[in-house]
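Line by line, the protein sequences give chains A and B.
Under UniProt numbering, the first sequence has 576 at position 576, and the numbering climbs by one with no breaks.
Under UniProt numbering, the second sequence has 89 at position 89, and the numbering climbs by one with no breaks.
Built from N, CA and C at the ideal position, the CB exists for glycine as well.
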Amino acid sequence: MTTVHDARPPAEAEQLHATRTGRAVGAGAFRPRQLLESLPTALRKLDPRHQLRNPVMFVVWGGSVVVTVSAILDPSVFAWSIALWLWFTVVFANLAEAVAEGRGQAQADALRSTRTDTVAHRIGPDELVEEVPATDLRVGDRVVVEAGQVIPGDGEIVEGIATVDESAITGESAPVVRESGGDFSSVTGGTTVLSDRIVVRITAKPGESFVDRMIALVEGAQRQKTPNEIALTILLSALTIVFLLAVVTLQPMAGYSGQLQSLVVLVALLVCLIPTTIGALLSAIGIAGMDRLVQRNVLATSGRAVEAAGDVSTLLLDKTGTITYGNRRATALHPLAGVRGADLAAAARRASLADSTPEGRSIVELVARNHGLPAEASAYEATAEFVPFSATTRMSGVNLDGRALRKGATSAVIAWLGPESATDTDRAGLEAISTAVAERGGTPLAVADGSRALGVVELSDVVKPGIAERFAELRTMGIKTVMITGDNPVTARAIAAESGVDDVLAEATPEDKLALIREEQASGRLVAMTGDGTNDAPALAQADVGVAMNSGTAAAKEAGNMVDLDSDPTKLIGVVEVGKQMLITRGALTTFSLANDLAKYFAILPAMFLAIFPQLAALNVMQLATPQSAILSAVIFNALVIVALIPLALRGVRFRPASSDRLLRRNLLVYGLGGVVVPFLGIFAIDLVVRLVPGIG
Amino acid sequence: MAGFAQVGVLLVLLAAAWRPLGDWMARVYTEERDWGVERLVYRVVRVDPRSEQRASTYTVAILAFSFAGIVLLYLLQRLQGLLPWSFDRGPVEAGVAFNTAISFVTNTNWQSYVPETSMGHAVQMTGLTVQNFVSAAVGMAVAVSLIRGFIRSRTDRLGNAWVDIVRGCTRILLPIAAVAAVALVATGVVMSLRSGVDVLGPDGRPSTIALAPTASQESIKELGTNGGGIFNANSAHPFENPNPLSNLFEIFLLLVIPVALTRTFGRMVSSMRQGVSLLAVMAVLWGGMLAVIWTAEATSPSFAGANMEGKEVRFGIPGSALFANSTTGTSTGAVNSLHDSFSAFGGGGAMLNMLFSEMTPGGVGTGLYSILIVAIVAVFLAGLMVGRTPEYLGKRLGRREVTCAVVVVLTMPALVLLGTGLAIALPSTADAMTNSGPHGLSEVLYAYASAANNNGSAFGGLTVTSGFFQTTLGVAMLLGRFLPIVAVLALAGLLARQTRVAPSTGTLSTGTPLFSVLVAGTVVLVAAITFLPALALSPLAEGLA
């Protein structure tokens with residue numbers, strides 16, 4: 001397959017767009033059908049070698065074997081029921097992992113299709129072009145790619161300019177421009193050149209390209225446990241050891257008390273006590289976290305980076321594109337002395353009607369808003385001849401009925417008017433206003449109607465709506481925002497005050513950025529930043545979370561630990577949320593898992609010793625029918641709760657930006673207290689059914 | 001009413017001592033200046049007091065000091081015949097000497113001997129009393145090192161173990177113990193080098209009532225949360241604890257340092273809220289368990305309208321419950337009543353205090369580091385729930401930090417469960433027990449809980465003179481003391497090496513009431529899920545019957 005199109009099903013592409021634009025952390029709809037689809041994979045994972053990776057579930061696996069053997073040796077409805085449900089517990093845990101992995105599969109398949117059969121046109125040592133399979137390319141090879149061809153590997157354009165369709169990896173159908181030199185020179189293997197011809201120098205080894213890495217990531221194939229996941233696994237293993245000891249030493253105590261317990265009952269107790277819920281869902285949570293980033297079109301090179309994102313306490317944000325619109329917008333009109341404001345407005349409007357640049361549109365919008373002039377061109381105005389902006393004239397405008405209306409750089413407009421049209425007063429007036437505007441950080445556009453200078457339109461950076469609220473949220477989450485800008489300190493502070501950013505780095509050089517990151521880190525903060533240029537690379541590498549724009553250079557992408565395929569710097573905030581959500585989900589399910597134990601004790605302990613200590617019936621608060629039904633109900637609850645929590649593990653615990661105290665209080669209440677209460681109700685309900693089974697009830 | 005008054009007076013005394021003593025201890029462990037007597041000690045043992053040690057060196061120093069202490073104490077007992085004031089009590093039997101040496105060096109002070117017939121005054125004063133001081137000083141040194149781990153950054157130095165041990169003795173334990181000994185004498189505690197007084201019994205037969213240099217050892221026995229009595233009857237003996245006043249004073253002594261250490265902690269980490277939140281956990285659990293024991297004893301009448309069996313009439317139910325709760329909540333193990341005779345829930349409460357891993361408020365130093373470890377585990381789980389990788393007091397809790405904490409948390413349950421399981425599986429154990437059924441199991445469980453937690457109180461009723469018990473309880477005492485110490489010091493080293501993370505509103509705030517609830521909840525939940533099966537077969541089965 002050499003032609004590339006968006007191979008994703010429409011629903012998925014839609015979801016990509018929704019999550020890219022929407023604020024909510026990507027939910028990723030979970031369909032119950034996925035459980036069935038993943039069942040074969042789940043069964044394959046019953047291999048003990050696979051189970052060994054997860055100490056908690058390995059104990060369950062071993063317990064299932066033991067109970068099955070004793071059920072064969074000494075069959076009873078009870079023993080077989082326990083054996084069956086213990087196996088279900090293992091399968092459910094595998095299912096959680098399989099479903100999480102399966103969700104990345106569709107994306108991986110679509111990506112993989114871009115890789116196969118691509119032919120590269122390599123420039124040989126003798127400057128002759130030869131056809132080779134893309135897989136034969138080595139770092140440093142130069143290849144020619146022409147319109148309609150697929151770029152055979154990751155690389156940098158060394159010659160030419162082209163429009164490229166990157167929808168295969170970004171899901172975005174609008175083509176982008178890539179050219180040699182500068183910050184937009186990198187191209188990704190698997191994307192298609194739509195126009196022109198470029199020469200690309202290959203920068204990635206075969207099998208290690210961007211697409212390869214992405215496939216590995218979304219499939220979870222090369223997933224390594226993250227540091228926090230390892231720490232949690234150690235804690236869970238320790239708890240498992242404690243419970244193992246508690247159950248093993250219970251037998252002699254039970255014997256002393258006069259009632260040795262059967263192996264089946266002891267294993268059932270052990271499995272109910274060890275933290276199976278979190279043990280079963282731990283790896284699914286990690287895979288789903290990566291998946292949520294991919295859904296947001298952010299590609300992390302490791303799970304470690306995602307985890308670090310949750311810890312970030314300082315965000316470095318570029319002003320342009322993140323805090324303000326990159327384009328300058330008209331914010332005020334300044335007529336010359338003796339000129340009516342309405343005249344300036346009318347002329348500025350006409351000069352801009354046919355101008356489709358954001359600046360031009362913003363002028364029309366401004367006069368429509370402030371002067372009530374129509375935003376649409378009338379039939380008469382539509383006959384005007386449009387004079388586009390050019391680098392030599394530095395003006396644009398229209399010719400209407402022989403009248404020339406112009407707007408542009410002040411010096412250019414003054415020169416255009418000439419000494420005969422522009423009086424010294426006009427010239428001085430235009431220059432005075434323009435200087436004042438420039439000092440405020442704005443851009444002045446002089447406006448002239450025919451031979452008459454009218455005044456100046458002030459263009460200034462406009463802070464994106466809602467950004468101040470966003471920063472306030474970040475502040476409650478304990479994250480400090482720093483705006484990075486090349487503007488002078490006065491302008492920078494004005495924008496900072498408007499946007500509510502916490503700090504400003506004005507007239508920033510790459511060295512300044514690097515120094516700032518080091519300083520923040522030295523005081524114990526984790527720093528996240530975005531960047532795209534080659535000179536951002538050192539800072540991206542130094543930052544704890546460095547998100548490189550996909551439009552950026554190969555050096556930037558190599559230095560960062562995440563790549564944003566949409567090249568949208570605001571997404572940094574979303575990345576932080578995904579990281580936090582992953583950690584919260586882990587903590588919440590661990591707490592839930594441990595809190596569950598209390599109810600299971602109340603179910604199983606009286607059941608085990610009712611015969612010798614009838615007084616323990618006081619602990620049977622759930623009024624479970626028989627010892628067998630009590631133990632079986634606890635085991636069934638333990639298994640079913642895993643399935644019930646798979647959607648939560650995949651989706652992540654709901655996260656709203658809030659202070660840590662409020663988050664903790666809420667999560668402790670829901671998962672701590674909930675974890676104590678829910679199993680009492682669950683086991684009680686299951687027992688109502690189980691007691692009907694002959695041989696149990 | 002008198003009971004409530006005792007609790008009230010005790011709390012007022014503790015509150016009054018908290019600030020000056022806590023602040024003083026913080027100064028002791030941070031100040032540069034050495035006292036003259038200390039400089040003398042450093043010169044004699046050839047230690048440079050200004051040179052700081054790495055975690056590994058600090059650990060080796062603590063272990064070497066303790067093991068040397070075991071050897072010396074063993075030799076001292078074996079050579080008793082050569083010592084003055086031995087009253088022909090002769091060399092202590094090897095097994096007992098060994099067990100006693102471990103017991104006093106580990107701050108357990110479990111007694112498998114009868115002092116009146118086996119230990120002379122010389123061994124008591126130069127052996128056991130010395131260990132009462134230095135084993136307490138070791139506990140404080142380890143706790144202070146852990147605090148230093150939190151407050152230091154990017155260093156591999158934890159302090160100087162020798163300086164910490166010496167200062168703990170010279171500036172904290174010795175001065176307070178000296179004053180307290182005089183106060184105890186004033187309440188009627190004996191202080192004598194005579195072997196005893198000859199009296200004519202009520203039945204007309206002559207007998208000897210043993211005497212000993214009691215007050216000097218009694219004060220450090222409580223102050224250092226040691227608990228080894230100079231008389232076999234321990235604090236139930238009228239010469240050790242003559243009246244309600246001395247009883248209350250002794251309870252105050254055994255609580256005062258563990259309680260004040262929370263202030264020392266708050267002071268050293270420059271945030272008093274951190275210390276107060278841990279104090280709140282200790283206070284709530286101590287108060288809760290006091291209510292359980294008191295109620296259980298007051299409402300399960302054996303005679304005199306309450307459970308007065310095994311209790312001294314001069315202390316009554318409140319004085320006994322208060323003492324029992326405080327001696328098991330600290331790692332003291334002194335007793336003024338027979339815990340074996342407590343009701344099922346009363347005795348179970350005393351046992352649960354130990355199974356909480358001794359932190360309500362725990363032993364001298366050990367209580368603080370134990371509760372800090374639980375706080376670390378609690379922060380690790382709760383920290384995740386606020387969406388950050390967990391950190392406590394600005395230090396990240398990663399894989400290695402959690403491993404150290406987990407070793408501490410695992411040690412005690414493993415020793416208690418394995419010891420009890422093993423003991424109860426042996427047929428010979430049934431012969432060592434006074435009681436059968438659930439109460440018999442309680443006796444065994446209590447013994448291992450007491451040894452593994454370095455408490456040293458005996459439930460009584462279990463004869464532990466057999467080789468099996470001497471060995472396994474000895475091992476439980478050793479591992480229960482030194483495994484956590486090694487892990488805590490390793491943890492302190494890891495923490496000291498880290499850069500301190502700047503706190504923000506996104507960080508889990510510790511030192512809040514919510515945090516106290518969290519830590520207390522973790523203490524109770526961990527003890528409950530670990531020991532519920534065992535407790536169900538002992539105090540629960542007995543009490544619900």
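Using CA atoms only, rank isn't needed, just tell me which of the options is closest to residue i.
{"i": "F482(B)", "options": "S135(B), G228(B) and G437(B)", "result": "S135(B)"}
{"i": "A595(A)", "options": "I529(B), Y74(B) and V464(B)", "result": "I529(B)"}
{"i": "residue 698(A)", "options": "A79(A), V67(A) and E97(A)", "result": "Past the edges of chain A, shown from 1 to 697, lies residue 698(A), and the structure says nothing about it."}
{"i": "A216(A)", "options": "D291(A), R178(A) and V248(A)", "result": "D291(A)"}
{"i": "K480(A)", "options": "T191(A), A554(A), L315(A) and R142(A)", "result": "L315(A)"}
{"i": "G587(A)", "options": "M395(A), S185(A), G279(A) and F680(A)", "result": "G279(A)"}
{"i": "A137(B)", "options": "V130(B), F150(B), C169(B) and G127(B)", "result": "C169(B)"}
{"i": "G429(A)", "options": "P569(A), S659(A) and A453(A)", "result": "A453(A)"}
{"i": "residue 699(A)", "options": "Q149(A), T530(A) and A617(A)", "result": "This structure cannot speak to residue 699(A), because chain A is shown only from 1 to 697."}
{"i": "L526(A)", "options": "E146(A), K513(A), N535(A) and D544(A)", "result": "D544(A)"}
Does residue i pass the burial test, meaning 16 or more other C-beta atoms within 10 Å, or should it be called exposed?
{"i": "N228(A)", "result": "buried"}
{"i": "E507(A)", "result": "exposed"}
{"i": "K319(A)", "result": "buried"}
{"i": "G478(A)", "result": "buried"}
{"i": "D165(A)", "result": "buried"}
{"i": "I198(A)", "result": "buried"}
{"i": "N453(B)", "result": "buried"}
{"i": "A378(A)", "result": "Correcting the residue type first, residue 378(A) is Ser in the shown sequence and not Ala. With fewer than 16 other Cβ atoms within 10 Å, it is exposed."}
{"i": "D461(A)", "result": "buried"}
{"i": "V247(A)", "result": "buried"}
{"i": "F111(B)", "result": "According to the sequence displayed, residue 111(B) carries Gln and not Phe. With 16 or more Cβ atoms within 10 Å of its Cβ, Q111(B) is classed as buried."}
{"i": "D564(A)", "result": "buried"}
Are the C-beta atoms of residue i and some chain B residue less than 8 Å apart?
{"i": "V56(A)", "result": "no"}
{"i": "I686(A)", "result": "no"}
{"i": "N620(A)", "result": "no"}
{"i": "L194(A)", "result": "no"}
{"i": "I631(A)", "result": "no"}
{"i": "R23(A)", "result": "Unreliable positioning characterises R23(A) in this predicted model, as indicated by a pLDDT of 31, which lies under 50. A coordinate reading is not provided."}
{"i": "N562(A)", "result": "Reading off the sequence, residue 562(A) comes out as Met, not Asn. Taking Cβ atoms only, chain B never reaches closer than 8 Å to M562(A), which makes this a no."}
{"i": "A27(A)", "result": "Note that A27(A) has pLDDT 39, beneath the 50 cutoff, so the model's placement of it is unreliable and the number below is only indicative. Output row for A27(A): interface = no."}
{"i": "M290(A)", "result": "no"}
Does any residue of chain A have a CB that is nearer than 8 Å to the CB of residue i?
{"i": "P413(B)", "result": "yes"}
{"i": "P533(B)", "result": "yes"}
{"i": "V386(B)", "result": "yes"}
{"i": "I371(B)", "result": "no"}
{"i": "L285(B)", "result": "no"}
{"i": "I376(B)", "result": "no"}
{"i": "A545(B)", "result": "yes"}
How close, in whole Å, do the beta carbons of residue i and residue j come, if the pair is a contact with beta carbons under 8 Å?
{"i": "A345(A)", "j": "V367(A)", "result": "4 Å"}
{"i": "R273(B)", "j": "G506(B)", "result": "Their Cβ separation, rounded to whole angstroms, is 18 Å, which puts R273(B) and G506(B) out of contact at 8 Å."}
{"i": "D687(A)", "j": "S633(A)", "result": "4 Å"}
key: Touching by the beta-carbon criterion (3+ pairs, under 8 Å), the segment 253–267 of chain B and the segment 222–232 of chain B   = yes
Stretch pair the segment 304–313 of chain A + the segment 267–277 of chain A: three plus CB contacts closer than 8 Å = no
query = Is the segment 382–397 of chain B touching the segment 483–502 of chain B, taking contact as three or more C-beta pairs under 8 Å?
reply = yes
ask   = On the three-pair Cβ rule with 8 Å, is the segment 201–216 of chain B touching the segment 288–307 of chain B?
value = no
query = Quick one: any contact between the segment 479–495 of chain A and the segment 504–521 of chain A, if contact means 3 or more CB pairs under 8 Å?
reply = yes
ask   = Using 8 Å as the Cβ pair cut-off and three pairs as the minimum, do the segment 242–260 of chain A and the segment 413–430 of chain B touch?
value = yes
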